[in-house]
DNA sequence: ACCCTCACCTGCACGC
DNA sequence: TGCGTGCAGGTGAGGG
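Residue numbers (the numbering used here): 53 to 345.
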């Protein structure tokens, strides 16, 4: 169920745990996780690759892989090619329930462990996913930015490209409602249902307003609110990332939601009851007074 | 090009 | 206890 802040924490935890490790073997228990590749081909491609880095693009986790020795200094590497030129990237999207675990050799595999990476330190990196929506794909590092799914993504929310002007421009060309639009990763990157709702509350803008009907002032307020909500979440997420106990993003993080899952409760600003409506199976929460149409 | 609904899955909380 | 319903922090396909 992660949105950008949770994915960011998974990336940091993975980076601390597995960069420099080599994949000895791979186990795939759910072929559709890696489709259209087959498990046997996937395993063969990953075998003996070293994890050279872990990063993120939107909600995609990028596990960078190279030949062993990719992390060595130039002198140690001798005349072998740098990793970047032959590197692969394992793209992972957690979707709703995807999680990574880092297990030692005694720990039992929990239910829904669809992929297991055996590392050269007797440990296993495990991908679990109760609802089976998550996906994994291998792509050549050199073509990452042209890879389907990555190429279409909007600019990173903390990049210079994601400016008030950018937001005004994409809003101008659409009649969709804010709530729908903010979830479109090709327009605004990183928000999911919770942070979209929270950003709108913070900006005091009605979720059902068409994006092309927003005043410049409101666009600027929303732009700030998006960055603030994401940044606040990244700063305040705690727990669930403890390497000694294995890690997953999780149930343990601090909740600071002001409207999400607060239907019927008093608005923190004005005391009005928070409302909820569902459309397409997704809940929108808002304060009818602070976020008037 | 857009917009909506549904489909993909499992599991949990709820009411009867 | 069971069984039906609605809902869960995501996205893509397929229809209009």
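Here a beta-carbon is modelled for each residue, glycine too, at the ideal position from N, C-alpha and C. It should be emphasised that the depicted structure is a prediction, and the values quoted were computed from it without experimental measurement.
By the Cβ criterion, the stretch 241–259 is in contact with the stretch 54–61, since at least three pairs of Cβ atoms, one from each stretch, lie closer than 8 Å. With fewer than three CB-CB distances shorter than 8 Å, the stretch 102–117 does not count as touching the stretch 80–89.
A contact between stretches requires three or more CB pairs, one per stretch, nearer than 8 Å, and the stretch 64–78 meets this requirement with the stretch 88–107.
At a cut-off of 4 residues, the continuous stretches assigned as alpha helix (DSSP H) that sit fully inside the stretch 169–257 are 216–224, 230–234 and 245–255. Nearest C-alpha to residue 148 among 141, 184 and 118: 184. About 5 Å separates the beta carbons of residue 259 and residue 230, which is inside the 8 Å limit, making them a contact pair.
Distance from the CA of residue 274 to the CA of residue 251, rounded to the nearest whole angstrom, comes to 7 Å.
Boundaries around residue 285 are those of the alpha helix (DSSP H), 268–288, since no beta strand (DSSP E) includes it. Residue pairing by DSSP places residue 106 opposite 115 in a beta bridge.
Per DSSP, residue 158 lies in no alpha helix (DSSP H) segment and is marked neither H nor E. In the DSSP annotation of this structure, residue 61 is not part of any beta strand (DSSP E); the continuous alpha helix (DSSP H) holding it starts and ends at 56–70.
Between residue 208 and residue 237, the alpha-carbon positions lie close to 10 Å from each other.
For the pair residue 146 and residue 188, the CB atoms are not nearer than the 8 Å cut-off. Contact annotation: residue 180 and residue 153 have beta-carbon atoms nearer than 8 Å. In the structure shown, the three-state DSSP call for residue 260 is coil.
Looking from the CA of residue 157, the closest CA among 151, 168, 150 and 223 belongs to 168.
Collapsing the DSSP output to three states places residue 96 in a helix. For residue 328, the enclosing beta strand (DSSP E) stretches over residues 327–331. When the beta-carbon positions are compared, residue 254 and residue 345 stay at least 8 Å from each other.
Our two residues, residue 269 and residue 246, have alpha carbons roughly 23 Å apart in a direct line. Of the residues 140, 203, 151 and 265, the one whose Cα lies closest to the Cα of residue 227 is 265.
Restricting attention to 220, 333, 213 and 110, the CA atom closest to the CA of residue 63 is found in 110. Closest in alpha carbon position to residue 95, among 160, 159, 172 and 190, is 190. 140 is the residue among 182, 218, 173 and 140 whose C-alpha sits nearest the C-alpha of residue 197. In this model, residue 87 and residue 166 are separated by some 13 Å (Cα to Cα). Taking a contact as a CB-CB distance under 8 Å, the pair residue 171 and residue 73 counts as one, their CB atoms being some 4 Å apart. Within the same chain, and ignoring the five residues on either side of residue 84 in sequence, the residues whose Cβ sits closer than 8 Å to its Cβ are 184.
Note that the C-beta distance between residue 98 and residue 119 is not below 8 Å.
When DSSP states are grouped into helix, strand and coil, residue 138 belongs to the helix group.
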